[in-house]
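Enquirer: In this note's numbering, the protein residues as written are 11 to 463.
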């Protein structure tokens, strides 16, 4: 424990007993003749810099710490300035201040941090869709994310999309993509879908089998499934009080962790998915609620009620390879499935799958899913359900309680195939409409990586 002068939130400077542990910066001080103590958790620290005043007349050197602590279910900024002046020379105080800075950052970043080579030497590339999330994505970036980037001393560049598939073209054709630490999307899941499918069309992806750059996500749309899945994974299933802040910390202070993708094949195209593949009820809700996009996420709830009352049922053949099968054989879409696949020929309300815990902020689809578990979580509802049961399912989805419903089939698989008997029923990949007809999905383990703490 060291005795250091501290300036808290630019108020009166006081001498404190300061202790730095692996979890927190603690400081004890006297206030109005009373001993008091406070702390800042390491995970709440977003910025730590050394400030050498350059004033030759004083040996004082400062370590500036910026944190956002949770207070009454909200994030509140806390500024702490540690004053180093016990040495007679400014050089010695600078050396001690730098040691404190390196220690704090190494605790914050874990093994990723290196004192000599900053992990932030490469810039982040932010791709923002200004029309996403009721037109709020750009405002979120400018007024919320950008100040946090500056406080965390993060180098970044920005690209604003101006048309459909702009991000896909950018990722496919960019020559110097290796100069970026990560590609970070500020939007809903639709823009990340463009980024992923642009990256998978690159020659360096096709040759290596891996996406050549790490991804990042900050929620700025009406559907923010992956952002909430990443937050929940870090917070051990405790709900984030500030998803935008937490996701910003993932990209400024996180490390790349592996993430599965799913290869989706139709008779015409191949797509790559990070979130979901659906046919039937929930796919219809995704697409048809677009007409209510300007109201944001409530559009899903409103259209879910409407579509449940006006229920559609379609006949199809569903085949899947169970997760516990020793086989990993996935045939071409135009050939029969092997005998170790399970096939169900029936009337369905929906067939839906996801590979993440969340498919939106208010829908916990697969509570036990992780980013790289090598599984597709498959859910299907047969046609013998009532409208009341469908509404009950959609309500249970909000808390992730739907797997317990007796009329729901929910199981982990390695791959699946949907073969509708007619060209009916919308098919979606990550909430984006693709062509109707037969579709097959299979896990590609750890094909991508994403920044998370």
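We treat Cβ as the ideally placed atom computed from N, Cα and C, and that holds for glycine.
Check whether the Cβ of residue 24 sits closer than 6 Å to any heavy atom of the ligand FMN, and report yes or no.
Expert: The ligand FMN is not part of the structure shown, which contains no ligands of any sort.
Enquirer: For residue 452, which beta-bridge partners are listed by DSSP?
Expert: As a position in the chain shown, residue 452 is number 442, starting the count at 1. Bridge partners of residue 452: 273 and 425.
Enquirer: Can you tell me which residues form a DSSP beta bridge with residue 229?
Expert: Walking along the chain shown from the start, residue 229 turns up at place 219. Bridge partners of residue 229: 197.
Enquirer: From 311, 211, 365 and 442, pick the residue whose C-alpha is nearest to that of residue 269; which is it?
Expert: Within the chain shown, residue 269 is the residue found at index 259, counting from 1. Among 311, 211, 365 and 442, the Cα nearest to that of residue 269 is on 365.
Enquirer: Out of curiosity, what's the CA-to-CA distance linking residue 220 and residue 46?
Expert: Here residue 220 is taken as the residue at index 210 of the chain shown, counted from 1. Here residue 46 is taken as the residue at index 36 of the chain shown, counted from 1. Each residue's Cα considered, the two are about 52 Å apart.
Enquirer: Measuring alpha carbon to alpha carbon, tell me which of 150, 139 and 223 ends up nearest residue 201.
Expert: Mapped onto the chain shown, residue 201 falls at position 191. Residue 201 has its Cα closest to that of 139, out of 150, 139 and 223.
Enquirer: Which residues in the same chain as residue 335 place their Cβ atom closer than 6 Å to its Cβ, once the five residues preceding and following it in sequence are excluded?
Expert: As a position in the chain shown, residue 335 is number 325, starting the count at 1. If we look at residue 335 and ignore the five residues flanking it on each side, its Cβ neighbours are 350.
Enquirer: Shortest alpha-carbon distance to residue 352 belongs to which of 358, 394 and 331?
Expert: Stepping through the chain shown from its first residue, residue 352 is reached at position 342. Residue 352 has its Cα closest to that of 331, out of 358, 394 and 331.
Enquirer: Quick check on residue 14: does DSSP put it in helix, strand or coil?
Expert: Mapped onto the chain shown, residue 14 falls at position 4. In the structure shown, residue 14 sits in a strand (DSSP, three-state: E or B).
Enquirer: Quick one: give me the first and last residue of the alpha helix (DSSP H) that residue 148 is part of.
Expert: Translated into positions along the chain shown, residue 148 becomes position 138. Looking at the DSSP string, the run of the alpha helix (DSSP H) that includes residue 148 is 147–150.
Enquirer: Just how far apart, CA to CA, sit residue 127 and residue 293?
Expert: For this step, residue 127 is matched to residue 117 along the chain shown. For this step, residue 293 is matched to residue 283 along the chain shown. Summary for residue 127: the model assigns pLDDT 49, below 50, so the residue's position carries little reliability; its value from the coordinates is reported in the next sentence. Their Cα atoms are separated by approximately 46 Å.
Enquirer: Along the alpha helix (DSSP H) that carries residue 372, what are the first and last residues, could you check?
Expert: Start at 1 with the first residue of the chain shown, and residue 372 comes out as number 362. Per DSSP, residue 372 belongs to no alpha helix (DSSP H) and is neither H nor E.
Enquirer: State the start and end residues of the unbroken alpha helix (DSSP H) segment that holds residue 319.
Expert: Here residue 319 refers to the residue found at position 309 when the chain shown is read from its first residue. Residues 308–319.
Enquirer: If you count every other CB in all the chains shown that lies within 10 Å of the CB of residue 51, and 16 or more means buried, which is it?
Expert: Here residue 51 refers to the residue found at position 41 when the chain shown is read from its first residue. Exposed: under 16 other Cβ atoms inside 10 Å.
Enquirer: What residue does the beta strand (DSSP E) around residue 38 start on, and which one ends it?
Expert: Here residue 38 is taken as the residue at index 28 of the chain shown, counted from 1. Counting along the chain, the beta strand (DSSP E) containing residue 38 begins and ends at 34–41.
Enquirer: Throw me the rounded Cβ distance for the residue 198 and residue 142 pair, which I believe falls under 8 Å.
Expert: Along the chain shown, read from residue 1 onward, the residue named residue 198 stands at position 188. Along the chain shown, read from residue 1 onward, the residue named residue 142 stands at position 132. Yes, they are in contact, since the Cβ atoms of residue 198 and residue 142 sit about 5 Å apart, within 8 Å.
Enquirer: Checking 7 Å against the spacing of the C-beta atoms, do residue 481 and residue 299 come in under that value?
Expert: Because the chain here runs from 11 to 463, residue 481 falls outside it and cannot be looked at.
Enquirer: Would you identify the three-state DSSP class for residue 341, choosing helix, strand or coil?
Expert: Counting from 1 along the chain shown, the entry for residue 341 is found at position 331. Three-state result, residue 341: coil.
Enquirer: Could you tell me which of 111, 196, 17 and 421 sits nearest to residue 254, measuring between CA atoms?
Expert: Here residue 254 is taken as the residue at index 244 of the chain shown, counted from 1. For the residues 111, 196, 17 and 421, the minimum Cα distance to residue 254 belongs to 196.
Enquirer: For residue 88, list the residues DSSP reports as bridge partners.
Expert: Residue 88 sits at position 78 when you count from the first residue of the chain shown. DSSP lists 77 as partners of residue 88.
Enquirer: Could you name the residues that DSSP lists as bridge partners for residue 26?
Expert: What you label residue 26 is simply residue 16 of the chain shown in a count that begins at 1. In DSSP, residue 26 forms a bridge with 14.
Enquirer: Is it right to say residue 261 is buried, meaning 16 or more other beta carbons lie within 10 angstroms of its own, or is it exposed?
Expert: Position 251 of the chain shown, counting from 1, holds the residue named residue 261. Classification for residue 261: buried.
Enquirer: Compare the Cα-Cα distances from residue 380 to each of 390, 285 and 81 and report the closest residue.
Expert: Walking along the chain shown from the start, residue 380 turns up at place 370. That would be 285, whose Cα lies nearest to the Cα of residue 380.
Enquirer: What would DSSP say about residue 127, mapped onto helix, strand or coil?
Expert: Along the chain shown, read from residue 1 onward, the residue named residue 127 stands at position 117. Any reading at residue 127 needs caution, since the residue's pLDDT is 49, under 50, leaving its predicted position unreliable; the model's value is listed next. Looking at residue 127 - three-state DSSP - the assignment turns out to be coil, as it is neither helix nor strand.
Enquirer: Tell me which residues share the same chain as residue 242 and place their Cβ nearer than 6 Å to its Cβ, disregarding the 5 neighbours each side in the sequence.
Expert: The count along the chain shown starts at 1 and reaches residue 242 at position 232. If we look at residue 242 and ignore the five residues flanking it on each side, its Cβ neighbours are 367.
Enquirer: I need the straight-line Cα distance from residue 125 to residue 116, nearest angstrom please.
Expert: Stepping through the chain shown from its first residue, residue 125 is reached at position 115. Stepping through the chain shown from its first residue, residue 116 is reached at position 106. No answer about residue 125 holds up, because its pLDDT of 46 lies below 50 and its placement is not dependable.
Enquirer: Using beta-carbon positions only, say whether residue 431 and residue 322 come within less than 7 Å of one another.
Expert: Reading the chain shown from its first residue, position 421 is the one you call residue 431. Reading the chain shown from its first residue, position 312 is the one you call residue 322. It is not a contact, given that the beta carbons lie outside the stated cut-off.
Enquirer: Could you check whether the stretch 179–197 touches the stretch 392–405, counting it as contact only if at least three pairs of C-beta atoms, one from each stretch, sit closer than 8 Å?
Expert: Contact fails: fewer than three Cβ-Cβ distances are below 8 Å.
Enquirer: So, are the CB atoms of residue 24 and residue 39 less than 7 Å apart?
Expert: Along the chain shown, one-based indexing puts residue 24 at 14. Along the chain shown, one-based indexing puts residue 39 at 29. The answer is yes: Cβ separation under 7 Å.
Enquirer: Within the continuous beta strand (DSSP E) that includes residue 360, where are the two ends?
Expert: In the chain shown, counting from the first residue as 1, residue 360 sits at position 350. Per DSSP, residue 360 belongs to the beta strand (DSSP E) from 352–364.
Enquirer: When DSSP builds the beta bridges, which residues end up paired with residue 392?
Expert: As a first step, residue 392 must be located in the chain shown, where it is residue number 382. 358, per the DSSP bridge assignment.
Enquirer: With burial defined as no fewer than 16 other Cβ atoms inside 10 Å of the residue's Cβ, what is the status of residue 43: buried or exposed?
Expert: As a first step, residue 43 is located in the chain shown; it is residue number 33 there, counting from the start. Classification for residue 43: exposed.
Enquirer: Please list the terminal residues of the continuous alpha helix (DSSP H) segment that includes residue 119.
Expert: As a working note, residue 119 is residue 109 in the chain shown. 100–119 is the span of the alpha helix (DSSP H), which, as asked, contains residue 119.
Enquirer: Between 337, 328 and 73, which lies nearest to residue 343 when the distance is taken from Cα to Cα?
Expert: In the chain shown, the residue the question calls residue 343 occupies position 333. Closest by alpha carbon: 328.
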